[in-house]
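For the record, the sequence lines run as chains W and R.
No gaps in the numbering here: position 107 of the first sequence is 107 in our numbering, and each next residue is one more.
No gaps in the numbering here: position 33 of the second sequence is 33 in our numbering, and each next residue is one more.
There are 2 protein chains.
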Amino acid sequence: MNDIAPPSPRATGPRPGGRSARVQAAIHQAVRELLAEGPRESVTVPAIATRAGVTPSTIYRRWGDLSQLLADVAVEQLRPEGAPVDTGTYRGDLALWLEQYRDEMSSAPGRTMLRDVLSVARAENTGKCLLYCTTQIDMIHERALARGERPLATAAVIDGIVAPMMYHLLFAAKTPSAADVSRWLDDLIERQG
Amino acid sequence: MNDIAPPSPRATGPRPGGRSARVQAAIHQAVRELLAEGPRESVTVPAIATRAGVTPSTIYRRWGDLSQLLADVAVEQLRPEGAPVDTGTYRGDLALWLEQYRDEMSSAPGRTMLRDVLSVARAENTGKCLLYCTTQIDMIHERALARGERPLATAAVIDGIVAPMMYHLLFAAKTPSAADVSRWLDDLIERQG
DNA sequence: GGCACTAAAGCAACTATTTAGCGTTTAGGA
DNA sequence: TCCTAAACGCTAAATAGTTGCTTTAGTGCC
């Protein structure tokens, strides 16, 4: 699972090799464990450092800040693991993927990760979220084209379904339901004509 | 609207009277000033306390946390000041209000306030954001009904325009443009038939 | 393989922030 | 005016965050 550093053009860049990678992995895992087992406020830099067998200064130097580390871990967790399931139709693929996405984001850990990602000023992490999402929807799109179907534009899916879903998740008291999602999807498909 | 605290059921209620209110106002103002004049990381609890002429422990006791105080101040700033401008038509009212909203939220301080509000776990603050927004759109809606126009459902405006606007603001690299907003508005009105 | 180079981690002393305990002030009500 | 308790001020102790310097160990070159 872990090949080490490619032998390429690196005059004086970062050093992703063995130890750094191990330390980063240990820290990420420590964060995940602490988040899973205790209340949020117990996830502190010294606690993470101890759990990971590392000194706090390492964390501060690499991430600068607890919130950035949390954002980093969160965006990592949010990365999709593979291609969306193939159900045989565009509509089916999209509906299933959306439902899974809704489910993941509505969960307590999902919401926490979202908050962590959003609370950091740097756009890098939020950009990755959008990228992951776009990529998945694009895959479904491509598959539909290959089948000879007429899929929606990815941007339309983002604006018409993902955006309201996230908006409700972030701002409304209650998380969006599966019915909400299919309603948005139906509207979009109907509008397409 | 009327008399103060009902007699009996206040065994252990809050105390909104004179001093508390003064202290809170001083602290809020100190936060706004510090946010306006310096970089974000210089806005610390001790700094706020000094500026407000208060001891840090007061802040920790009342808000528990810098992020909660920031969220509190932010949501206060985000509160609309009055009714939306009356341009004579539903479409005009809505377009103008949306543009102003977009402008405010896209600005650096607007984005900062949004982040502050979203990064706190308690749903109370985010709920207020949604409420403010809904209330404004509802006013425009009511005015349109009084004129005999046929306005969009408020929920449709939220899901079809506000939501994608916020989604782009939060997740995309570049903030949504005025053209994006009018496109979303046009789509919605056209769909209404 | 051995060597030089340097990014990254460790260590430790230091500063800043947060929390806790306890006395004092003052809003709210008789 | 007087009483009660919420809310604040103060201080000290605990915890978190920062920094300079030292040591470790990837990486490229011979």
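Glycine residues also receive a C-beta, built at the ideal position from the N, C-alpha and C atoms.
For clarity, every value in this text was computed on a predicted model and none was experimentally measured.
Minimum C-alpha distance to residue i - residue among the options
i	options	result
Q68/R	G148/W, S119/W, V73/W	S119/W
A74/W	V54/W, R143/W, E124/W	E124/W
K128/W	V162/W, L78/W, S107/W, S177/W	L78/W
S107/W	G148/W, M166/W, D65/W	M166/W
F171/W	R122/R, L188/R, A144/R	R122/R
D72/W	T89/W, M113/W, E41/W	M113/W
G64/R	V45/R, E76/R, G53/R	V45/R
R91/W	L66/W, Q24/W, A144/W, L130/W	A144/W
R40/W	T126/W, P109/W, V157/W, D93/W	P109/W
R111/W	T175/W, L188/W, V43/W	T175/W
Range covered by the alpha helix (DSSP H) that runs through residue i
i	result
E99/R	90–106
V31/R	18–37
T50/W	45–52
E190/W	178–192
S42/R	Segment: none, S42/R is in no alpha helix (DSSP H) and carries neither H nor E.
T58/R	56–63
D72/R	66–78
Rounded C-alpha distance that separates residue i from residue j
i	j	result
I4/R	G160/W	Legend: pLDDT at I4/R = 32, less than 50; position of this residue unreliable, value from coordinates given subsequently. Cα-Cα distance, rounded: 47 Å.
A173/W	G18/W	45 Å
L152/R	A26/W	53 Å
I48/R	A30/R	6 Å
A11/W	Y60/W	Reliability of the predicted coordinates at A11/W is poor, the pLDDT of 38 falling under 50, and the value obtained from them is presented with this limitation in mind. Computed Cα separation, rounded: 26 Å.
S177/W	H141/R	26 Å
Q136/W	E81/W	10 Å
G13/R	T134/R	Low confidence applies here, because G13/R scores a pLDDT of 48, under 50, leaving its location unreliable; read the following figure in that light. So the alpha carbons of these two residues sit roughly 30 Å apart.
T55/W	L70/W	17 Å
L185/R	R150/R	15 Å
N2/W	A21/W	Because N2/W carries a pLDDT of 37, less than 50, the predicted location of this residue cannot be relied on, and no value is offered for it.
S57/W	G38/R	26 Å
P84/W	A146/W	15 Å
R51/R	R191/R	53 Å
Y132/W	G88/R	43 Å
D138/W	E104/W	19 Å
D116/W	V23/R	31 Å
P7/R	R62/R	Per-residue confidence for P7/R stands at a pLDDT of 34, beneath the threshold of 50, marking its modelled position as unreliable; no derived number is given.
L35/R	L169/R	21 Å
P164/W	E76/R	24 Å
D93/W	A95/R	36 Å
H28/R	T126/R	18 Å
R32/R	D187/W	43 Å
L130/W	V162/R	18 Å
D86/W	V157/R	33 Å
I189/W	A155/W	13 Å
P9/W	V43/W	Low confidence applies to P9/W: its pLDDT is 37, below 50, so where it sits in the model is not reliable enough to give any reading.
G148/R	G193/R	17 Å
G53/R	L66/R	17 Å
Q.
Any contact between the stretch 85–103 of chain W and the stretch 177–184 of chain W? By contact I mean 3 or more CB pairs, one from each, below 8 Å.
A. Result yes; three or more Cβ-Cβ pairs closer than 8 Å.
(Q) To test your reading of the DSSP string, which unbroken beta strand (DSSP E) runs of 3 or more residues are found completely within the stretch 102–166 of chain R? (A) Taken in chain order, the whole beta strand (DSSP E) runs of length 3 or more contained in the stretch 102–166 of chain R number zero.
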